[in-house]
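**Q** For the protein sequence lines, the chains are A and B, in the order given.
Per the working numbering, the first sequence starts with residue 1, numbered consecutively.
Per the working numbering, the second sequence starts with residue 256, numbered consecutively.
Positions of the beta carbon are idealized from the N, C-alpha and C atoms, including for glycine.
If you scroll down you'll find the structure; I have some questions about it.
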Amino acid sequence: MDAVMQVASSEGVHYLAGGHTLWEASAYGFNFSFTMGLTKWMVVFWGVMLFMIIAGTIGARKKALVPSGWQNFSEWTYGGLSNFFSKMIGPHLGKTFGPLLVTFFIFILLSNYSGMLPLNFSMDEGTLSLSNLQAPTSVFSVTAGFALIVFFCTHFAGFKENKLRYFKFFVSPIAFMLPFTIIDVVIHPFTLALRLFGNIHGEETVVEQLMQLSVFVNGWAPAIIEVLGMLFGLIQALIFSLLAAIYISEAAEHF
Amino acid sequence: MEIDFAQMIFAITNFIILMIAMYFLMYKPLKQTMDKRQDKIKGEIETAEQLKADADQMKAEITAELAKSRETAQEIIVRAEKTAEVQKDEIVLAARAEAQKMIDKAHAEIREEKEKVLGEIRDEAATLAMLAASKLIERSLNDTDHKQLVDKYIEEAGEVQ
């Protein structure tokens, strides 16, 4: 039980380089910090980025009239997602925010799945051991960063579509609603960040703990959780991008 | 819950870089390819529709033309039949008239011939009568001789004839 608590509280952030905390503060149960350093999940982040860029470039390189193979898959993926979000937020907003939402979906999906790759080499007391990578989406700083992007995009869309009339939304229908609408505006991205972080981090923690506990036959119990993790990874990616799309279209269609 | 602002900034910047890279390396070229394909297919469908419309129009024109030709042919046949009928009547009439003419001519010729023959007979008879009279004058005849003479004369006339 102690081990579970410890892992959950430390969030398993290991610095490969650096790690000097320049600033630290604590408020409302949050520990804020500013630490310069390279963590393992940052490498995974770059790996996912690199994979997406290479796969996307290869997929878009061939411009055959009748697509086949990887080009077909790329077109299917991009076309399908782009259409899906365009239908949801309208073709006008889809033109501006389509790439953002498509990138969010693909990146979060691949990030979630990257946490299942057992490629984390570590030397413990002279023996090489393998464990799962840490998914970037299981770090609250990352999901909070994504939520911050959604937050800015939401209000950018609202301001762009409605100009100054957009601010009337905060005091509608009456000025009394102002505190509540402000809470609403803050809560939306906060839940977005917390939901993604909680699900992925929870799933990874469970797998990690099951790997360590000897009461289960090694491998079988985590495998079941991994299968569920495949499903959760897809669902979480979909929910994050879907809610981002809904928030953007809501802000844009106020008046 | 830990929030590290350095990590947050890392995530945000890297995500924005990823989005821009993906936009220029994947989304934009893919969209161009797909749009181009869509335009081509749309254009080809339009061309096909245009061709079909043209073909339909041509078919209608040909059908109309055919019907018109058939009508004209029918008209020509009717007219020809009418003309033939008229010509037949004319020919028959002409033939009849010709025949009548020929019959009339034949009749006239026969009559003429008859009259000519009768005239000749009459002349002959007159000549014979003259001859007989001269014979009678040449010989003084008695009643018995008279009969013989006439008979003889008739005989001679028969020989002459």
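1) Round the Cβ separation of F197/A and F240/A to the nearest angstrom and send it over; I've been treating them as touching at under 8 Å.
2) Indicate the three-state DSSP secondary structure (helix, strand or coil) for H20/A in the structure shown.
3) Run through DSSP, which three-state label would A244/A get?
4) Just how far apart, CA to CA, sit G374/B and T382/B?
5) I271/B: which of S129/A, Q212/A, I53/A and E75/A sits nearest, CA to CA?
6) So who's on the other strand from D124/A, going by DSSP bridges?
7) For A157/A, which residues in the same chain have their Cβ closer than 6 Å to its Cβ, ignoring the five residues on either side in sequence?
8) Contact between the stretch 60-67 of chain A and the stretch 80-89 of chain A is defined here as three or more beta-carbon pairs at a separation below 8 Å; is this criterion met?
9) Express the C-alpha separation of F97/A and K163/A in angstroms, rounding to a whole number.
10) Does F30/A pass the burial test, meaning 16 or more other C-beta atoms within 10 Å, or should it be called exposed?
11) Give me the Cα-Cα distance between V66/A and W41/A, rounded to the nearest whole angstrom.
12) Does the Cβ of D259/B have 16 or more other Cβ atoms within 10 Å, making it buried, or fewer, making it exposed?
13) Near L119/A, which residues of its chain fall below 6 Å by C-beta distance, leaving aside the five closest residues on each side in sequence?
14) Residues of the stretch 86-117 of chain A with a CB closer than 9 Å to any CB of chain B: list them in chain order, please.
15) State the DSSP-derived secondary structure class of Y28/A, mapped to helix, strand or coil.
16) Can you tell me whether DSSP reads L276/A as helix, strand or coil?
17) Any residues in the stretch 50-61 of chain A with a beta carbon nearer than 7 Å to a beta carbon of chain B? Which ones, in chain order?
**A** So, from the data block:
1) Actually they do not touch by this definition, with Cβ atoms about 10 Å apart.
2) DSSP places H20/A in the strand class (E or B) of the three-state scheme.
3) Judged by DSSP in its simplified three-state form, A244/A adopts helix.
4) Cα-Cα distance, rounded: 12 Å.
5) Of the candidates S129/A, Q212/A, I53/A and E75/A, the one whose C-alpha sits nearest the C-alpha of I271/B is I53/A.
6) Beta-bridge pairing links D124/A to T127/A.
7) Excluding its 5 nearest sequence neighbours in each direction, A157/A has C-beta neighbours in its own chain below 6 Å: I248, A251 and A252, listed in chain order.
8) By the criterion of at least three beta-carbon pairs nearer than 8 Å, the stretch 60-67 of chain A is not in contact with the stretch 80-89 of chain A.
9) Roughly 18 Å between the two C-alpha positions.
10) Under this definition F30/A is an exposed residue.
11) The alpha-carbon atoms of V66/A and W41/A are separated by roughly 39 Å.
12) Burial call: buried.
13) So the list reads L133, once near-sequence residues are dropped.
14) Within the stretch 86-117 of chain A, the residues whose Cβ lies closer than 9 Å to some Cβ of chain B are G98, P99, L100, V102, T103, F104, I106 and F107, listed in chain order.
15) Coil at Y28/A, not helix or strand.
16) The requested residue 276/A does not occur in the structure, where chain A is confined to residues 1 to 255.
17) Along the stretch 50-61 of chain A, the positions whose C-beta sits under 7 Å from a C-beta of chain B are M52, I53, G56, T57, G59 and A60, read in chain order.
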